[in-house]
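A.B. asks: Would you mind keeping the following structure in view while I ask a few things?
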Amino acid sequence: MATDEVNSKESSEKLTENLGRIEELSERFAAALAKKQPIRPSLQGPGQDFYMKTMGAYWSEMMENPGKMLENQVEYWGRTLRHAVEAQQAMLTQGTTPEDHTPKDPRFRNPLWDTHPYFNYLKQQYLITSEAMNEAVEGLEGLDDSDRRRVTFFTQQIVDLMSPTNFLATNPDALERAVETEGQSLVDGLENMIRDLERHDGELVVTLSDPDAFKVGENLGTAEGNVVFRNRMMELIQYKPTTEKVYSRPLLIFPPWINKFYILDLKPENSLIRWIVDQGFTLYVVSWINPDESYADVGMEDYVEEGFFTAIDEVRAMTGQDKINVIGYCIAGTTLALTLSLLKQRGEDKINSATFFTALTDFSDRGEVGVFLDDDFVDGIEAEVEETGILPSLYMSRTFSYLRSRDLVYGPAIKSYMMGAAPPAFDLLYWNGDSTNLPGRMATQYLRGLCQRDEFAGEGKGFPILGTRARIEEVEVPICAIACETDHIAAWKSSYRGMRKMGSKDKTFILSESGHIAGIVNPPSKKKYGHYTNEDWPEAPEDWLEAADKHEGTWWHRWGKWLAKRSGKKIEAREVGDSDHPPLEKAPGTYVVASPKV
Numbered sequence: 038m039a040t041d042e043v044n045s046k047e048s049s050e051k052l053t054e055n056l057g058r059i060e061e062l063s064e065r066f067a068a069a070l071a072k073k074q075p076i077r078p079s080l081q082g083p084g085q086d087f088y089m090k091t092m093g094a095y096w097s098e099m100m101e102n103p104g105k106m107l108e109n110q111v112e113y114w115g116r117t118l119r120h121a122v123e124a125q126q127a128m129l130t131q132g133t134t135p136e137d138h139t140p141k142d143p144r145f146r147n148p149l150w151d152t153h154p155y156f157n158y159l160k161q162q163y164l165i166t167s168e169a170m171n172e173a174v175e176g177l178e179g180l181d182d183s184d185r186r187r188v189t190f191f192t193q194q195i196v197d198l199m200s201p202t203n204f205l206a207t208n209p210d211a212l213e214r215a216v217e218t219e220g221q222s223l224v225d226g227l228e229n230m231i232r233d234l235e236r237h238d239g240e241l242v243v244t245l246s247d248p249d250a251f252k253v254g255e256n257l258g259t260a261e262g263n264v265v266f267r268n269r270m271m272e273l274i275q276y277k278p279t280t281e282k283v284y285s286r287p288l289l290i291f292p293p294w295i296n297k298f299y300i301l302d303l304k305p306e307n308s309l310i311r312w313i314v315d316q317g318f319t320l321y322v323v324s325w326i327n328p329d330e331s332y333a334d335v336g337m338e339d340y341v342e343e344g345f346f347t348a349i350d351e352v353r354a355m356t357g358q359d360k361i362n363v364i365g366y367c368i369a370g371t372t373l374a375l376t377l378s379l380l381k382q383r384g385e386d387k388i389n390s391a392t393f394f395t396a397l398t399d400f401s402d403r404g405e406v407g408v409f410l411d412d413d414f415v416d417g418i419e420a421e422v423e424e425t426g427i428l429p430s431l432y433m434s435r436t437f438s439y440l441r442s443r444d445l446v447y448g449p450a451i452k453s454y455m456m457g458a459a460p461p462a463f464d465l466l467y468w469n470g471d472s473t474n475l476p477g478r479m480a481t482q483y484l485r486g487l488c489q490r491d492e493f494a495g496e497g498k499g500f501p502i503l504g505t506r507a508r509i510e511e512v513e514v515p516i517c518a519i520a521c522e523t524d525h526i527a528a529w530k531s532s533y534r535g536m537r538k539m540g541s542k543d544k545t546f547i548l549s550e551s552g553h554i555a556g557i558v559n560p561p562s563k564k565k566y567g568h569y570t571n572e573d574w575p576e577a578p579e580d581w582l583e584a585a586d587k588h589e590g591t592w593w594h595r596w597g598k599w600l601a602k603r604s605g606k607k608i609e610a611r612e613v614g615d616s617d618h619p620p621l622e623k624a625p626g627t628y629v630v631a632s633p634k635v
């Protein structure tokens with residue numbers, strides 16, 4: 038038999054085998070979908086009031102400016118028709134594509150988007166429609182800033198969803214791959230999709246990183262240390278010193294409990310924990326429990342009392358220091374500010390300095406994440422936690438993912454489900470998917486009292502907690518705040534406004550390039566992102582940035598010098614734990630890897 042005939046037969050057999058495999062996988066697919074639990078509509082999209090308000094603004098604009106609306110429609114249909122005619126003529130007469138003046142877009146990297154008449158037509162028409170939709174939204178009158186931001190965001194979600202790259206029949210990369218692999222990529226993609234559905238009980242959540250490539254405590258979170266204290270809210274980890282001498286005043290880090298603390302210790306070369314220890318600081322880090330429904334009644338006060346107050350006192354007891362330095366990251370930074378206010382009210386001088394990583398205390402402008410903080414979504418969250426006791430990690434992770442949907446939803450879905458690619462072994466994305474639940478009461482307090490009503494930093498009576506009201510001006514210890522320029526969770530301008538309102542006389546603000554994670558986990562060896570400084574505190578954050586000095590490289594060294602000045606003299610390095618705090622377990626402990634009973 039000729040070689041071509043053999044290859045043809047083998048190819049045909051492989052294709053037939055793959056088609057049969059798809060049929061088999063379809064049964065698993067249906068079984069996985071059958072496990073999907075209904076999700077209340079208020080957690081899946083804006084409420085009806087939002088749509089009515091938007092439609093009201095649209096019809097009002099149409100009534101008041103019919104000429105403008107008609108002009109926009111005529112222009113859109115004119116561009117659409119002209120493009121269709123040009124595409125047809127180019128294909129018939131030249132077999133090529135018409136002129137293409139559309140902007141470069143990373144979604145359309147494949148050369149066929151520019152050279153093939155069919156794909157070029159799809160791309161240009163999609164971009165024309167996208168532009169028309171965005172212009173229509175920009176032209177709406179009668180919407181306040183908050184509603185306009187929401188309309189813009191959710192319109193963009195529709196635009197991103199409808200990209201031709203998101204569909205197999207209109208994605209040249211996926212089609213080419215299917216042909217090259219004789220359908221194997223489609224089988225692998227379906228396998229990947231079914232795996233994700235089965236892993237999340239019928240909910241489609243794209244796996245961003247190879248789940249088998251990492252294990253916390255083995256190749257993530259491996260800095261040497263021990264758990265030296267544990268209660269129902271947290272484990273307290275002390276890290277082993279790497280220098281003969283250490284500063285007398287210890288440092289305690291409170292990471293966010295929305296995700297897990299090992300973001301600060303992913304691997305040796307980008308570990309902030311290791312870097313801090315190497316600078317001669319005695320370091321303690323809190324590892325929060327991942328709560329289940331038994332934590333339904335746990336509130337912000339429990340995090341303050343059993344987390345912050347307790348950890349501070351245990352570190353003071355172990356080191357013999359009356360005052361310590363502390364760090365609060367993200368939501369833990371917000372709660373640290375509440376804690377400092379309460380300590381001020383009680384006359385307890387336990388904190389020498391406080392550092393805030395990407396922390397919001399002023400919620401008057403909630404930034405990009407504010408589109409999910411109106412009553413329609415928060416009412417849905419409140420109903421969910423009343424029923425289940427917790428806010429499951431799915432809702433928080435999905436919310437943050439859709440703030441960057443091209444990078445965290447559609448892009449990974451295309452690679453995994455249409456191209457059949459295995460998820461990469463990427464430590465940061467592995468951590469991103471290792472999210473946690475939130476106690477029901479705490480979630481409601483945070484969303485209502487802080488995010489919506491801005492009680493801590495606003496002009497009201499303060500945030501109610503532990504029988505009193507915490508106020509931002511009562512934060513009077515020396516502070517250093519690090520915000521991130523492109524942070525989509527804790528907008529840097531809002532962070533600046535909050536820090537400016539604090540009562541501290543000794544204040545430093547550093548603006549790092551990049552976002553919520555990369556701007557903080559920015560080791561000196563990378564030499565990747567720079568930072569800005571300005572000793573003045575003008576009212577407008579824009580004015581601060583305009584007059585700021587730009588510095589190359591990470592902010593770590595600058596902050597390290599700031600902290601060293603507030604950390605006392607050097608002493609002999611401390612042992613881990615003491616007679617009252619014997620090492621309970623090696624770092625990273627049990628709470629960071631335990632699965633809640635939900």
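The sequence shown begins at 38 in the working numbering and counts up one residue at a time. C-beta atoms are modelled at their ideal positions from N, C-alpha and C, and glycine is treated no differently.
1) Who are the near neighbours of ALA584 in its chain, counting only those whose CB is closer than 8 Å to its CB and skipping five residues on each side?
2) Give me the residue from GLN125, ALA67, ASP184 with the minimum Cα distance to MET644.
3) Taking ALA17 and PHE393 to be in contact with their CB atoms under 8 Å, please state how far apart those CB atoms are, rounded to whole angstroms.
4) Assess contact between the region 250 to 264 and the region 281 to 294, defined as three or more Cβ pairs (one per stretch) separated by less than 8 Å. Is contact present?
5) Where THR371 and GLU54 are concerned, what is the direct C-alpha to C-alpha distance, given to the nearest angstrom?
6) Closest to TYR163 by C-alpha separation, out of GLU235, ASN389, LEU198, would be which residue?
7) Say whether chain D places a C-beta atom closer than 8 Å to the C-beta of GLU168.
8) According to DSSP, simplified to helix, strand and coil, what is LEU223?
9) Measuring only the C-alpha atoms, how far is LEU177 from ARG443?
10) When the distance is taken between beta carbons, is ILE502 closer than 8 Å to LEU375?
11) May I ask you to verify whether the region 325 to 337 touches the region 615 to 624, counting CB pairs closer than 8 Å and requiring at least 3?
12) If you reduce the DSSP assignment to three classes, tell me which class GLU136 lands in.
13) Go ahead and pull the three-state DSSP assignment for PHE393.
14) Check ASP586 in the structure and name its three-state DSSP category.
15) Does DSSP put MET271 in a helix, in a strand, or in coil?
16) From which residue to which residue does the beta strand (DSSP E) around ASN362 run?
17) If you draw a straight line from the C-alpha of ASN203 to the C-alpha of ILE313, how long is it?
18) Would SER531 pass as a contact of TYR284 if the rule is Cβ separation under 8 Å?
19) Specify the secondary structure class of GLY57 as computed by DSSP and reduced to three states.
20) Using CA atoms only, rank isn't needed, just tell me which of ASP151, THR130, PRO143 is closest to ASP137.
21) Can you name the start and end residues of the alpha helix (DSSP H) that PHE414 belongs to?
22) What whole-angstrom Cβ distance do LEU410 and LEU484 have, given they're in contact under 8 Å?
23) Run the CB neighbour count on LYS72, radius 10 Å, all protein chains shown included, and call it buried at 16 or more, exposed below.
24) With respect to the alpha helix (DSSP H) encompassing ARG534, which residues constitute its N-terminal and C-terminal limits?
25) Compare the Cα-Cα distances from THR545 to each of LEU303, LEU205, ARG595 and report the closest residue.
26) Comparing C-alpha positions only, which one of THR166, MET456, ALA127 sits nearest to HIS153?
27) Can you check whether the CB of VAL408 is closer than 8 Å to the CB of ARG187?
28) According to the Cβ coordinates, are VAL253 and VAL629 closer than 8 Å?
29) Are the region 466 to 477 and the region 229 to 246 in contact at 8 Å, needing three or more beta carbon pairs?
30) Does DSSP put ARG506 in a helix, a strand or coil?
31) Please report the straight-line C-alpha distance between ILE608 and ILE349, rounded to a whole angstrom.
32) Could you compute how far the alpha carbon of GLN193 sits from the alpha carbon of GLN81?
33) CB-CB under 8 Å to MET170, same chain, minus the five flanking residues each way: which ones, in chain order?
34) Can you have a look at ASP586 and say buried or exposed, based on whether 16 or more other CB atoms are within 10 angstroms of its CB?
35) In this structure, does DSSP put PRO83 in helix, strand or coil?
36) Verify whether the separation of the beta carbon atoms of LEU159 and THR207 is less than 8 Å.
C.D. replies: With the given structure in hand:
1) Residue numbering aside, residue 584 sits at position 547 when the sequence shown is read from its first letter. If we look at ALA584 and ignore the five residues flanking it on each side, its Cβ neighbours are ASN571, ASP573, PRO575.
2) Residue 644 falls outside the range modelled here, since the chain spans only 38 to 635, and no answer is possible.
3) For residue 17 there is no data in the structure shown, the boundaries of the chain being 38 and 635.
4) no
5) As a first step, residue 371 is located in the sequence shown; it is residue number 334 there, counting from the start. As a first step, residue 54 is located in the sequence shown; it is residue number 17 there, counting from the start. Cα to Cα, THR371 sits roughly 56 Å from GLU54.
6) Stepping through the sequence shown from its first residue, residue 163 is reached at position 126. Cα-wise, what sits closest to TYR163 is LEU198.
7) You won't find chain D in this structure, because it holds only one protein chain.
8) Here residue 223 corresponds to residue number 186 of the sequence shown, with the count starting at 1. Looking at LEU223 - three-state DSSP - the assignment turns out to be helix.
9) Here residue 177 is taken as the residue at index 140 of the sequence shown, counted from 1. Here residue 443 is taken as the residue at index 406 of the sequence shown, counted from 1. So the alpha carbons of these two residues sit roughly 26 Å apart.
10) Along the sequence shown, read from residue 1 onward, the residue named residue 375 stands at position 338. Along the sequence shown, read from residue 1 onward, the residue named residue 502 stands at position 465. For LEU375 and ILE502, yes; Cβs fall inside 8 Å.
11) no
12) By one-based count along the sequence shown, residue 136 stands at place 99. The answer is coil: DSSP assigns GLU136 none of H, G, I, E or B.
13) Position 356 of the sequence shown, counted from the start, is the residue given in the question as residue 393. Looking at PHE393 - three-state DSSP - the assignment turns out to be strand.
14) Residue 586 sits at position 549 when you count from the first residue of the sequence shown. If DSSP states are grouped into helix, strand and coil, ASP586 belongs with the strands.
15) Here the question's residue 271 lines up with position 234 in the sequence shown. It is a strand residue.
16) For the purposes of this step, residue 362 is taken as the residue at position 325 of the sequence shown. That run of the beta strand (DSSP E) goes 361 to 366.
17) Translated into positions along the sequence shown, residue 203 becomes position 166. Translated into positions along the sequence shown, residue 313 becomes position 276. Rounded to whole angstroms, ASN203 to ILE313 spans 43 Å at the Cα level.
18) As a working note, residue 531 is residue 494 in the sequence shown. As a working note, residue 284 is residue 247 in the sequence shown. Their beta carbons are not under 8 Å apart, which means SER531 does not touch TYR284 by this criterion.
19) Counted from its first residue, the sequence shown places residue 57 at position 20. Of the three classes helix, strand and coil, the one that applies to GLY57 here is helix, per DSSP.
20) Mapped onto the sequence shown, residue 137 falls at position 100. It is ASP151 whose Cα lies nearest to the Cα of ASP137.
21) Along the sequence shown, one-based indexing puts residue 414 at 377. 412 to 425 is the span of the alpha helix (DSSP H), which, as asked, contains PHE414.
22) Walking along the sequence shown from the start, residue 410 turns up at place 373. Walking along the sequence shown from the start, residue 484 turns up at place 447. Confirmed, Cβ separation roughly 7 Å.
23) If you number the sequence shown from 1, residue 72 lands on position 35. Exposed: under 16 other Cβ atoms inside 10 Å.
24) As a working mapping, residue 534 is identified with position 497 in the sequence shown. That run of the alpha helix (DSSP H) goes 529 to 538.
25) Walking along the sequence shown from the start, residue 545 turns up at place 508. When only C-alpha atoms are compared, the closest one is ARG595.
26) To locate residue 153, count along the sequence shown from 1; it is residue 116. Closest option to HIS153, Cα to Cα, is ALA127.
27) For this step, residue 187 is matched to residue 150 along the sequence shown. For this step, residue 408 is matched to residue 371 along the sequence shown. Contact flag set, yes.
28) For the purposes of this step, residue 253 is taken as the residue at position 216 of the sequence shown. For the purposes of this step, residue 629 is taken as the residue at position 592 of the sequence shown. Against a cut-off of 8 Å, the Cβ pair of VAL629 and VAL253 comes out as a contact.
29) yes
30) Against the sequence shown, residue 506 aligns to sequence position 469. DSSP places ARG506 in strand when its eight states are reduced to three.
31) By 1-based counting over the sequence shown, the position of residue 608 is 571. By 1-based counting over the sequence shown, the position of residue 349 is 312. Whole-angstrom Cα-Cα distance: 21 Å.
32) Position 156 of the sequence shown, counted from the start, is the residue given in the question as residue 193. Position 44 of the sequence shown, counted from the start, is the residue given in the question as residue 81. About 16 Å.
33) Here residue 170 is taken as the residue at index 133 of the sequence shown, counted from 1. Within the same chain, MET170 has close Cβ partners THR192, ILE195, VAL196.
34) Taking the sequence shown and counting its residues from 1, one reaches residue 586 at position 549. Flag for ASP586 reads exposed.
35) Here residue 83 refers to the residue found at position 46 of the sequence shown. DSSP places PRO83 in coil when its eight states are reduced to three.
36) As a working note, residue 159 is residue 122 in the sequence shown. As a working note, residue 207 is residue 170 in the sequence shown. Yes; because the gap between Cβ atoms is below 8 Å, this pair is in contact.
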